[in-house]
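Colleague:
Number of protein chains: 8
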Amino acid sequence: MAKNFTYNRLDKNNAAVLLVDHQAGLLSLVRDIDPDKFKNNVLAVADLAKYFNLPTILTTSFEDGPNGPLMPELKALFPDAPYIARPGNINAWDNEDFVKAVKATGKKQLIIAGVVTEVCVAFPALSALEEEFEVFVVTDASGTFNEIAQKAAWDRMSQAGAQLMNWFGVACELHRDWRNDVEGLAKLFADHIPDYKNLMTSYFALTARKPAAK
Amino acid sequence: MAKNFTYNRLDKNNAAVLLVDHQAGLLSLVRDIDPDKFKNNVLAVADLAKYFNLPTILTTSFEDGPNGPLMPELKALFPDAPYIARPGNINAWDNEDFVKAVKATGKKQLIIAGVVTEVCVAFPALSALEEEFEVFVVTDASGTFNEIAQKAAWDRMSQAGAQLMNWFGVACELHRDWRNDVEGLAKLFADHIPDYKNLMTSYFALTARKPAAK
Amino acid sequence: MAKNFTYNRLDKNNAAVLLVDHQAGLLSLVRDIDPDKFKNNVLAVADLAKYFNLPTILTTSFEDGPNGPLMPELKALFPDAPYIARPGNINAWDNEDFVKAVKATGKKQLIIAGVVTEVCVAFPALSALEEEFEVFVVTDASGTFNEIAQKAAWDRMSQAGAQLMNWFGVACELHRDWRNDVEGLAKLFADHIPDYKNLMTSYFALTARKPAAK
Amino acid sequence: MAKNFTYNRLDKNNAAVLLVDHQAGLLSLVRDIDPDKFKNNVLAVADLAKYFNLPTILTTSFEDGPNGPLMPELKALFPDAPYIARPGNINAWDNEDFVKAVKATGKKQLIIAGVVTEVCVAFPALSALEEEFEVFVVTDASGTFNEIAQKAAWDRMSQAGAQLMNWFGVACELHRDWRNDVEGLAKLFADHIPDYKNLMTSYFALTARKPAAK
Amino acid sequence: MAKNFTYNRLDKNNAAVLLVDHQAGLLSLVRDIDPDKFKNNVLAVADLAKYFNLPTILTTSFEDGPNGPLMPELKALFPDAPYIARPGNINAWDNEDFVKAVKATGKKQLIIAGVVTEVCVAFPALSALEEEFEVFVVTDASGTFNEIAQKAAWDRMSQAGAQLMNWFGVACELHRDWRNDVEGLAKLFADHIPDYKNLMTSYFALTARKPAAK
Amino acid sequence: MAKNFTYNRLDKNNAAVLLVDHQAGLLSLVRDIDPDKFKNNVLAVADLAKYFNLPTILTTSFEDGPNGPLMPELKALFPDAPYIARPGNINAWDNEDFVKAVKATGKKQLIIAGVVTEVCVAFPALSALEEEFEVFVVTDASGTFNEIAQKAAWDRMSQAGAQLMNWFGVACELHRDWRNDVEGLAKLFADHIPDYKNLMTSYFALTARKPAAK
Amino acid sequence: MAKNFTYNRLDKNNAAVLLVDHQAGLLSLVRDIDPDKFKNNVLAVADLAKYFNLPTILTTSFEDGPNGPLMPELKALFPDAPYIARPGNINAWDNEDFVKAVKATGKKQLIIAGVVTEVCVAFPALSALEEEFEVFVVTDASGTFNEIAQKAAWDRMSQAGAQLMNWFGVACELHRDWRNDVEGLAKLFADHIPDYKNLMTSYFALTARKPAAK
Amino acid sequence: MAKNFTYNRLDKNNAAVLLVDHQAGLLSLVRDIDPDKFKNNVLAVADLAKYFNLPTILTTSFEDGPNGPLMPELKALFPDAPYIARPGNINAWDNEDFVKAVKATGKKQLIIAGVVTEVCVAFPALSALEEEFEVFVVTDASGTFNEIAQKAAWDRMSQAGAQLMNWFGVACELHRDWRNDVEGLAKLFADHIPDYKNLMTSYFALTARKPAAK
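Line order of the protein sequences matches chains H, G, B, A, U, Y, D and X.
Going left to right, the first sequence walks through residues 1 to 214 as full-length UniProt numbering numbers them.
Going left to right, the second sequence walks through residues 1 to 214 as full-length UniProt numbering numbers them.
Going left to right, the third sequence walks through residues 1 to 214 as full-length UniProt numbering numbers them.
Going left to right, the fourth sequence walks through residues 1 to 214 as full-length UniProt numbering numbers them.
Going left to right, the fifth sequence walks through residues 1 to 214 as full-length UniProt numbering numbers them.
Going left to right, the sixth sequence walks through residues 1 to 214 as full-length UniProt numbering numbers them.
Going left to right, the seventh sequence walks through residues 1 to 214 as full-length UniProt numbering numbers them.
Going left to right, the eighth sequence walks through residues 1 to 214 as full-length UniProt numbering numbers them.
Printed below as a string of structure tokens:
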């Protein structure tokens, strides 16, 4: 069973991030994750993309209609990223500009998050797998209508060979070793994991009280 | 892991819809999805079959007995569809007329929904897979007794090669591009997704106020 | 404990319905009830108000802004009802026109539903109780952010003397006796309770098959 | 706070049981309790009524229509009980025959269970409280559409002075002392509480192995 | 993906039932399914084994100790079935007598249920798969400590090739066609599915009123 | 509303603890709290009774039968406490020895926990309230069949004037001020709240590293 | 029932805010609300206190020990607020400085939030009620171990006359009328309610496109 | 489907245990399992490692920082075990000392538990699978942020060939036969499964009463 397995692990030199359709209107459809947590998770993926300096591609569907504009925080974080406002393709991979932008990154590992999971994430994920990209789905930064839709979409992608992850796992697998930059990673975690922030608050309160001589 | 994967995506020219045993009596057995939502989902599948003009086959089991008649809305929507009132076969695929009707469509992709999931959906799904059809299960328009039955049935079908979807994913994968017909798809979504309807209500209220000159 | 209790039961000759802030934008805040079910419940309250011919008052908050327009179905159902688009009062009872409209009905029993529960329902409910109206909250046609907000709001209203009901209970208490109109009430239930509709479908299928001589 | 409290405890010489509308059709509306458990609970109430020899009154609403016939097990258990097939009154207490039957028992404590909770239980419960009966609601043998309806109905009855109980609590409060009849009560519990039955199975297996001399 | 799939469907002439360790003590460990429902499910499997006349094997682990005796209902239903009270083997398949009994049935399809899922079911299931039996796990008649244990055990068995089913699916797949015996199957369902029983109760109440001439 | 309220707060000089029917057999009936957590909570109440030196009374129901013996940990902790093995009274307060033992403590505040909540806790709680004791129910050290039974029992006791607490609240209200004994209370919390233990582990690891001179 | 009710509604000129023990260590005990949401809710209360310019009092318990320092965001927001680092009193109201600070505000309405609910919130709430303050508990900015602790604490406070609210209800009741300051309130909501922010994003995107002449 | 399956079952002579990052700080991040139960499960794995005398390796990440020290119970249980305090590698398998320690055990089966599941467990699990170890994940002694993270991590490991188990399954699969040591295994279960302890308490109470002659 464990035979011939290759651990395709995320490599910060070989990974790109695709943020698909996190639009103000579509976000109101997301009901499998609480909105406070979901917003936090999406921003965490954006921040980690920034932190690891990964090529990041933004895309939206019909943003002038009811689907609404991209979350303004994402626009602000990636002012120079390729931004494909798709005129109609539901599967971003059906849009030539999008695929061109993906291929232009030269990366073979794609970290994908989006709204809604079974469409905006699953469709390009399956298309990318067909073209032999390695696909890593950020499950907790991808949202949909309910748990049935979520579980079905996960199953479809997993069976096709996508790897299901959460943003914390992505960050850790990219970073590999705390020694590469303790403060940067700690800040990322403190900004998006209240429990981790609490640990740091308590830790620094105590260690700061130690004599300067130490 | 991502090697040799082919994305068998739904193609509106190659897909048929099978609605299995959505009968007034059997519906009272469904307890893994809330009845308001379930009814909505079943009608959404019916509406999308109609909208995409997919060959659709209706079948029932023992409809003169306690299982009860087919949901009247389905009969009304597909007055001319093949309608196989099975005299006893539990697996619809064991019924020659049913299989004949399926094959008569000439389609290789089968979109299946029914009640109850582990029987009326899973049995024909597995039979169809054996005959090399591509099977797409509409999980949220298929219902059963409880979550244990649901999860076990999904696993059995997924392991056999069926693709698990929800009705929204099916509609989007069939449509491919909003430009094929914006209004039609929007109506389908507005009719079955209250949150989407709300987005449209707000959107049109605001844009209607814009000067006619635009 | 059971001493001195008076059953203030709903009386169709003494009740009015207040529908508060069921607006397209605000509806996206409701996450303690599934959207399919919530929409159904709100329309059920509207339909019962219509059916029992109860004076009904519509009101909205800031409907030209992000809160969005009233659900169009409500506008359509009550074209001639008092409609108070409040310019700013959060508590509808702080709006003189609204209170005037309520008092103009001459009814002492107020059936209230709205979005969000702890504000748009609870505030006018508490104000009305203070003025010695009898208040009946339609809990399942009132929605809010999460279960904590819901339970806290219910407790506040219940402790103040409001009676917590659901739309089905309201309809039954108003109707009193099926013989007042079997078909009308049955239609109301069939339209909004899929399980009840199923029972009727099965029932009529069987009884219709009985010999015409009957 | 604890001042002036009187513990109105169930007294087997002063209690009657009202089973309201446990009809085959209406049971399909019950979705706040799992059907296996709900059926068991209803039969447990019936068995305890029998066991304690409490006057029991059966009533149904429109049993020739879609609501369906009374659960046959109840009919079989109480062949001689007053049975009021109400021609139309939704609140059983609005039916003179029903109230007459209740008063004919001469009991002041009413143990009520029914379907659905907010109507078939709450309405007669509130009417009975108004007439100074002591009301004990068997919450787990009363069912309704969902938890919102359940909690609202419980709150309304509790605020009016009804006591919320479950069937096990009712049986224990009526029995008072195991020594009144160990075997009878044990059988009631073994028949309706699988965990209790298991305890007895293990217990008797071990104690039976003890030397015959004992 | 659908290539080369063979639907190994249950065949009543080629299937045996293994009931593993449904003992009075061990049952108290089961907390992933409600006890009322679980007891019902276990007895449903037993009844279907009886109904389809499948060779059935009972086995227990340490039944003289705290694990307790086999559920008495099972003993009573299968007085002549092979009954292997294992002296110590945790995996029933490690017990020669058990394997001998299984092989003596001459069947290649094994329907397994037991307590607890990850041990008493999974261990013999995996052993049987290794010996090229086809394994069908009755998930809803197998119980364990919590949902984590349940899901992990299901995954392990599914990945090894076992098919996850529920008792209703098993019964339907074995029966194939209602016409083989309508009344027998209906009785099985009525005895173990309250909702189905209700449908029948309503159905027969209505059809019985039809003219005797029929 | 806030008028005339008196805060009857727990006073370690005026409180006694009643542990009712925490017996090995009855514990298997508890399904509204996970067994790991429940056992921990019961032992926490026992430890706090010991820690605050509160008079504690143990009682059991039919401990030689299937209900089984008292949890051995409780016996071991209170070797000299009054121990009333009730010969049959279901309500402990119906047992003269028990009431005598309670009154012999001379305390007016009773902290009660037991199995099952609606019987073994609620019955003596209501009896004690009637005799003008102040009753504090330890909800998380009292268990029952399911959440319906739990909520109904809580409501009955709360309406009668009992105060609903959890063991942590009881401990804090009794202790009043950490300065009365920091280490003792900290040990109680560390022993029964893993999260608190973790805080202490981290805290002491850091502060222990500080220079001895400090 | 509705007789004599006075609606004690929050008045921004008569209200003070008490933030009790939101400390980095204690926050790890909170498990009845998700940490992302909880942090957001606590900061929302702080922001509304600031926004409405309400006198605010901070207090901590043992902040140099494992309980940890106050959330740094709270310290930063209220640099000049009374800050009572209690040396040991568990009930903040037992601390003279705290009560003095409360009384110094001259307000009679106290808005309280804290960790953990049944102790740090409930104890001072009950003490304040006894001294005839009006108490408003912010349930969603108060956290505790689990739902049992939460519900028991809410019941205790509600029965004593405290009003249960959530932060959104508090903000709305204080503000009374949007016209008092549309932008300020909108910002408060946008900062803490992602769904509201989305509504605004979509709204402004559309209205900004309207002709400049407007 | 069942073809060619080999049951890689745990063998106490060929298995090692890896306990990864069960540190006081990190434990506060675990929110997919209740803390009482989680602590119990982790200690159960430790106890079974001890009981079966399996080589056990402890490792921590940054234990001098906010992550905090290893649970002291683990340190105490394995004073002589290899203990790798990783200076920075997030994936323990990236640490040479750790891999060396694993390989030094000479075992090919690795039983892994840790915090958090998707990182500290999944990363070394996938690395070990790549090197053809057999990996057994103890799901209930591994914790993470929420169920989404949990389910995604399980899927990733399962698809790679890891076997998902719980501690009870691990213990049973290692032990094989109660006769190898009844008392030892019983003690392990009694110490960590309250329900099992209860069964034993009742059992021994009854059997101890049997005549000494036996």
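Virtual Cβ for every residue (Gly too), placed ideally from N, Cα, C.
Are the CB atoms of Phe136(U) and Gln109(U) within a distance shorter than 8 Å?
Modeller: Contact flag set, yes.
Colleague: Please check if any C-beta of chain X sits within less than 8 Å of the C-beta of Gln163(H).
Modeller: Output row for Gln163(H): interface = yes.
Colleague: Should the segment 73 to 83 of chain U be regarded as contacting the segment 45 to 63 of chain U, the criterion being three or more beta carbon pairs within less than 8 Å?
Modeller: Counting Cβ pairs under 8 Å, three or more are found: they touch.
Colleague: Can you give me the start and stop residues for the beta strand (DSSP E) that Arg86(D) sits inside?
Modeller: Where Arg86(D) is concerned, the enclosing beta strand (DSSP E) stretches over 83 to 86.
Colleague: I believe Ala152(X) touches Met157(H) by the beta-carbon criterion, under 8 Å. Please report the beta-carbon distance rounded to the nearest angstrom.
Modeller: About 11 Å separates the two Cβ atoms, so there is no contact after all.
Colleague: Does any CB atom of chain A fall closer than 8 Å to the CB of Cys120(B)?
Modeller: Not closer than 8 Å to any Cβ of chain A, the Cβ of Cys120(B) fails to qualify, so no.
Colleague: When the cut-off is 8 Å and only beta carbons count, does Lys75(A) lie next to chain U?
Modeller: So, not an interface residue.
Colleague: From Phe78(Y) to Asp21(U), what does the alpha carbon distance come to, in whole angstroms?
Modeller: Answer to the nearest angstrom: the Cα atoms are 37 Å apart.
Colleague: Would you mind sorting Val119(U) into buried or exposed? The rule is 16 or more other CB atoms within 10 Å of its CB.
Modeller: Flag for Val119(U) reads buried.
Colleague: For residue 222(H), which residues of its own chain have a beta-carbon under 8 Å away from its beta-carbon, when the five flanking residues on both sides are left out?
Modeller: Residue 222(H) is absent from the model: chain H starts at 1 and stops at 214.
Colleague: Beta-carbon separation of Thr207(U) and Leu206(B) under 8 Å?
Modeller: Taking 8 Å as the Cβ cut-off, Thr207(U) and Leu206(B) qualify as a contacting pair.
Colleague: So, does the segment 31 to 49 of chain A touch the segment 123 to 132 of chain A, judging by three or more C-beta pairs under 8 Å?
Modeller: Segments in contact, no.
Colleague: When the cut-off is 8 Å and only beta carbons count, does residue 219(X) lie next to chain H?
Modeller: There is no way to answer for residue 219(X), as the model of chain X reaches only from 1 to 214.
Colleague: When DSSP labels each residue in this structure, what does Thr144(X) get in the three-state scheme?
Modeller: Thr144(X) falls in the coil class under three-state DSSP.
Colleague: Here's the rule: buried if 16 or more other CB atoms are within 10 angstroms of the residue's CB, otherwise exposed. What is Lys39(B)?
Modeller: Burial call: buried.
Colleague: What does Glu134(U) pair with, by DSSP beta-bridge criteria?
Modeller: BP columns for Glu134(U) point to Gln109(U).
Colleague: Return the chain-ordered list of same chain residues with a C-beta closer than 6 Å to the C-beta of Phe123(D), the five sequence neighbours on each side being excluded.
Modeller: Contacts found: Asn91.
Colleague: Hey, how far is the Cα of Thr144(B) from the Cα of Asp140(U)?
Modeller: Taking the straight line joining both Cα atoms gives about 36 Å.
Colleague: Is there a Cβ of chain Y sitting closer than 8 Å to that of Leu48(H), yes or no?
Modeller: Judged by the 8 Å Cβ criterion, Leu48(H) is not in contact with chain Y.
Colleague: By the criterion of Cβ-Cβ separation under 8 Å, what are the contact partners of Thr27(X) in chain Y?
Modeller: Reading the sequence as shown, one finds Leu at residue 27(X) and not Thr. The answer, in chain order, is Pro194, Asp195, Asn198.
Colleague: What separation, rounded to the nearest whole angstrom, lies between the Cα atoms of Pro35(D) and Gly114(B)?
Modeller: Rounded to the nearest angstrom, the two C-alpha atoms are 29 Å apart.
Colleague: Determine, using beta carbons only, whether Thr207(Y) comes closer than 8 Å to chain H.
Modeller: True, the Cβ-Cβ gap to chain H drops below 8 Å.
Colleague: Mind checking Lys100(H): buried by the 16 CB within 10 Å criterion, or exposed?
Modeller: Label assigned to Lys100(H): exposed.
Colleague: Closest to Asn146(A) by C-alpha separation, out of Gln163(B), Ala104(B), Asp195(B), Ala186(B), would be which residue?
Modeller: Nearest option by C-alpha distance: Asp195(B).
Colleague: Between the Cα of Pro66(G) and those of Met200(G), Glu134(G), Arg9(G), Ser28(G), spot the shortest distance and give me the residue it belongs to.
Modeller: If we check each option's Cα against that of Pro66(G), Ser28(G) comes out closest.
Colleague: Relative to the ligand GTP, is the shortest distance from any of its heavy atoms to the C-beta of Asp195(X) smaller than 7 Å?
Modeller: Within the structure as shown, the ligand GTP is missing, as the structure has no ligands at all.
Colleague: Would you mind listing the alpha helix (DSSP H) stretches within the segment 148 to 179 of chain Y that are 4+ residues and don't spill past its ends, in chain order?
Modeller: Those alpha helix (DSSP H) runs which fall completely within the segment 148 to 179 of chain Y and span 4+ residues are 167 to 175.
Colleague: I need the straight-line Cα distance from Cys172(U) to Leu185(U), nearest angstrom please.
Modeller: Distance between the alpha carbons of Cys172(U) and Leu185(U): 9 Å.
Colleague: Whole angstroms is fine: what's the gap from Asp155(H)'s alpha carbon to Asp155(U)'s?
Modeller: Going by the C-alpha atoms only, they are around 13 Å apart.
Colleague: Would you kindly work out how many angstroms separate the C-alpha atoms of Leu26(A) and Leu43(A), rounded to a whole number?
Modeller: The alpha-carbon atoms of Leu26(A) and Leu43(A) are separated by roughly 16 Å.
Colleague: Would DSSP call Leu29(Y) helix, strand or coil?
Modeller: Here Leu29(Y) sits in helix by DSSP.
Colleague: Compare the Cα-Cα distances from Ala15(H) to each of Ser202(H), Met200(H), Asn198(H), Leu174(H) and report the closest residue.
Modeller: If we check each option's Cα against that of Ala15(H), Leu174(H) comes out closest.
Colleague: Buried or exposed for Val17(G), going by 16 or more other Cβ atoms inside 10 Å?
Modeller: Classification of Val17(G): buried, given that the 10 Å Cβ count is 16 or more.
Colleague: Is DSSP giving Asn40(A) helix, strand or coil here?
Modeller: Of the three classes helix, strand and coil, the one that applies to Asn40(A) here is helix, per DSSP.
Colleague: Report the CB separation of Gly68(B) from Asp177(D) in whole angstroms; it is logged as a contact under 8 Å.
Modeller: That pair is no contact at about 20 Å.
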